[in-house]
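Take any residue in the sequence shown, count from 1 to its spot, add 797: that is its number in our numbering. This report refers to the structure that appears directly beneath it.
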Amino acid sequence: MSAIQYLKNDDGIIILTLDSPNQSANTMNGDFRVALENIVSKLKSETSITGIIFRSAKKTFFAGGDLDELIQARPEDATPFFEMVQKMKTEFRYIETLGVPVVAALNGTALGGGWEIALGCHARIALNDPKTKFGLPEVTLGLLPGGGGIVRMVRLLGLQNAFPFLMEGKQFGVDKAKSLGLIQDTAETPEELMDKAIAWVKAHPPSTKASQQPFDVKGYKIPGGDPKTPAVAQMLAIAPAMLRDKTKGCYPAPEAIMAAAVEGAQVDVDTALTIESRYFTYLATGQISKNMIGTFWHGLNAIKAGASRSKDVAKWQATKVGVLGAGMMGAGIAYSTAIKGIPVVLKDISIENAEKGKAYSQKLLDKKVSQGRMTAEKREQVLSLITATAFAEDLKGCDLIIEAVFENQELKAKVTQEAEAFLAEGGVMASNTSTLPITGLAKASKDQANFIGLHFFSPVDKMQLVEIIKGKNTSAETLAKAYDYVQQIGKTPIVVNDSRGFFTSRVFGTFVQEGLRLLHEGVHPARIEMAALKAGMPVGPLAIQDEVALTLSEHVANETRKALQAEGKDLPRSGADDVIQTMIHEFGRKGKAAGAGFYDYPESGKKQLWEGLSHWKKEIDISEQEMIDRFLFVQSLDTLRCYEENVLESVIDANIGSIFGIGFAPWTGGAIQFLNQYGLEQALQRANQLEAKYGERFKAPQLLIQSLPSGQIH
């Protein structure tokens, strides 16, 4: 069956139905390209065409490019890849300039290549559905819209208005599309949608202005002006520097989009399309897009499909959730649960504390209402789902209880035993801990099989990842229920086995400590922070350490040292420990919450690095690239150790967890993908160099050496 079905009705209108075979959604794959070529051949032999309508036989209009194909494109494939893209665009351009009205009947979401097909039409009529999304999100996968999206969006909206949709991948709904003039009409039913599309064709006869794109009409000017217009030229003079400050040079896609947009706006449409194809080929055959597609598309989809979930357990939904502790974490968990329609009991030692925790949800919901993103009625509905209490009896009937109290084993044991008395039969008891081993915490539980770790990240309402920690005796059914709950509240689960610090806290610590070690070695603190940003980390290690609090890091290190000594092991002191100790006990600087840490926090104005850090200043010769390598390798090698030690069970969880949990450079595709894309032979060589110079933390895990023959860590 063809991916595009061809029908000419009695009015001479060609109806092209997009229906990719053997797929639930339409994509620009090989079948589609063959079908498009055949369609153009048929159109060339047709006479008396009055118009063309694109419609879809799927639930959505069109999903976009075929990412399975795109991830295969290599630098050596650049010429045939470019020619393939150009051929497809030439065929669309033929339809666009045929001289008859062309309409897109959008029955649902059209993203990426789907929106580019729609833009290639003279009119777009959409089904009026609030769930429908339009846009060009290619930049989020390290790509650019290569099917004419840049050229047409710039010509229809103007450079400045098009940039957020192109360079940030902003998606938008039907109402926004109408306000932008990108949708000409809407329909309430699929039948009305086709009726309106046909009516639009009939109302706009061939060989008139309405049967052309506005930008193909002689004398058309780009809204806001072209790059030579003074106001636009002024904006473009500073835009590249602002963009580089944002990307730190790690992401070529936004820069390529800006270049293609600006260069394309100065030439005719066909030349602009060629320019766009060249930049698209450069990105598609490069490594960064492969890293990002592999993780942000294939990896996230695998997790959504339950990659790390117990396979033979029926799907489950939490019906009533208890949260113990109404501090920042507990309040955030309560909000994230209630916003998804699940009743929550938020318990603390006093009703005042519990109400204060509930007020956090009120604040977040009030903001949504003030921004017009939620009705006042919906806000009250969500708030009514949160019961603030100081009484354990109110937990009765909860099928999931999450304790989120202070990181103290005795306290956690006490609240667990108090709450479990009211847990529904077969319910799950979970601990939101970031460092304490789950198997040890589970000893306080009446049924260790039903006990699990749910490590949320702060702030919970914004952070998407939840690290699920299996204790030694956690059952497969409990794991499945925890996985289902995390997805039920719209977050992304990864699964790890029990160990001190689990995966995210352990590896996150290596990044922060590397920054402190560099400071101890005498590197200027501003250079340390900038090297981390240029590595692709969202925040520098000194700024993050201030957020975490130096006292907490000292406490965790002391507790870890005690636990290891009890096992007959040792945790040697490092330069990082010395820096923490000096900052707290000599300088009295404990972090942001205490008002002073590695940074000063003036009441008015931006934070600034504390001048007293010159205490560690020495004349040291270290390149920025050496620091970048230290940041990336110390984390990726320890992630690989977690995998080797079975703390992690999959490369997917390692890559997703490292990016969404610890902020590991997204351009790499994740901590293990960083090693894969670096080249395992080269990664081993670099690890050996770093180990020889800086110590055992850079020692290559055996798994890296074992993976050399295959060239990939799987």
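Every residue gets a Cβ at the ideal spot worked out from N, C-alpha and C, and that includes glycine.
Neighbour flag for residue i against chain C, beta carbons, 8 angstroms
i     : result
A1185 : The displayed structure is made up of one protein chain only, and chain C is not part of it.
Within 8 angstroms, strictly: CB atoms of residue i and residue j
i     : j     : result
I1425 : N1473 : no
T1078 : F879  : yes
V900  : A994  : yes
P1051 : L1033 : no
F1299 : V1444 : yes
S821  : G896  : no
E866  : N806  : no
V951  : G862  : no
R1297 : T1357 : yes
T1307 : F1457 : no
L813  : I846  : no
S1553 : L938  : For the chain, the structure presents residues 798 to 1511; residue 1553 sits outside this window and is missing.
G1467 : T983  : no
L941  : L1080 : yes
E935  : G917  : no
L903  : R921  : yes
L933  : G966  : yes
I810  : V998  : yes
L1487 : F1430 : yes
Residue burial classification, residue i (beta-carbon count within 10 angstroms, cutoff 16)
i     : result
E913  : buried
Q1432 : buried
Q1470 : buried
M1380 : buried
I1072 : buried
G1169 : exposed
E1311 : buried
K1144 : buried
T1172 : exposed
Q1214 : exposed
D1196 : buried
S1242 : buried
I1146 : exposed
F1203 : exposed
V1142 : buried
P1523 : A query on residue 1523 cannot be resolved here, the shown segment of the chain reaching from 798 to 1511 and no further.
P1027 : exposed
N819  : exposed
I1459 : buried
G945  : buried
M1055 : buried
G910  : buried
K1359 : exposed
H1352 : exposed
Chain-order list of residues whose beta-carbon lies under 6 angstroms from that of residue i (same chain, five-residue window excluded)
i     : result
A1128 : G1154 and Y1157
A800  : S817, D828, F829 and A832
M798  : P818
Close-in-space but distant-in-sequence residues of the same chain around residue i (CB under 7 angstroms, 5 per side omitted)
i     : result
I1449 : G1096, A1099, I1100 and A1104
D1258 : G1129, Y1132, S1133 and L1161
G905  : K856, T857, F858, L924, D926 and T929
K1387 : A1346, L1347, T1348, I1381 and G1394
K1278 : W1113 and V1225
P1011 : Y1017
A1221 : G1194, C1195 and D1196
Presumed contact (8 angstroms Cβ cut-off) between residue i and residue j, rounded CB distance
i     : j     : result
T1134 : G1333 : Incorrect: roughly 32 angstroms between the Cβ atoms, too far for contact.
F859  : L815  : 6 angstroms
E1478 : L1501 : That belief does not hold up - the Cβ atoms of E1478 and L1501 are roughly 10 angstroms apart, past 8 angstroms.
A1328 : E1421 : 5 angstroms
A1057 : I947  : 5 angstroms
G1237 : Q1206 : 7 angstroms
S1074 : K886  : 7 angstroms
M1089 : P1463 : 7 angstroms
I1522 : L1276 : Here the chain covers residues 798 to 1511 and nothing more, so residue 1522 does not appear.
Close beta carbons around residue i, own chain, < 8 angstroms, minus the five adjacent residues each side
i     : result
I1139 : A1115, T1116, K1117, V1118, L1182, Q1285 and I1286
Q1396 : Just to set this straight, residue 1396 is Tyr in the shown sequence, not Gln. Within the same chain, Y1396 has close Cβ partners L1339, A1340, D1343, K1389, K1404, Q1405, L1406 and W1407.
Residue i: CB within 7 angstroms of a non-hydrogen atom of the ligand FAD
i     : result
K1175 : No copy of the ligand FAD appears in this structure; indeed no ligand is present at all.
Would you call the region 831–839 and the region 871–882 touching, i.e. three or more CB-CB distances under 8 angstroms?
-> Taking a contact to require three or more Cβ pairs closer than 8 angstroms, the region 831–839 and the region 871–882 do not qualify as touching.
Any 3 or more C-beta pairs closer than 8 angstroms across the region 1114–1132 and the region 1248–1257 | yes
Would you check if there are 3 or more beta carbon pairs closer than 8 angstroms linking the region 1409–1420 to the region 1254–1271?
-> Proximity of the region 1409–1420 to the region 1254–1271 falls short of the contact definition, fewer than three beta-carbon pairs being nearer than 8 angstroms.
Given 8 angstroms, three or more beta-carbon pairs between the region 1283–1290 and the region 1141–1154 = no
Segment contact, 8 angstroms Cβ cut-off, at least three pairs: the region 951–966 with the region 1002–1020 | yes
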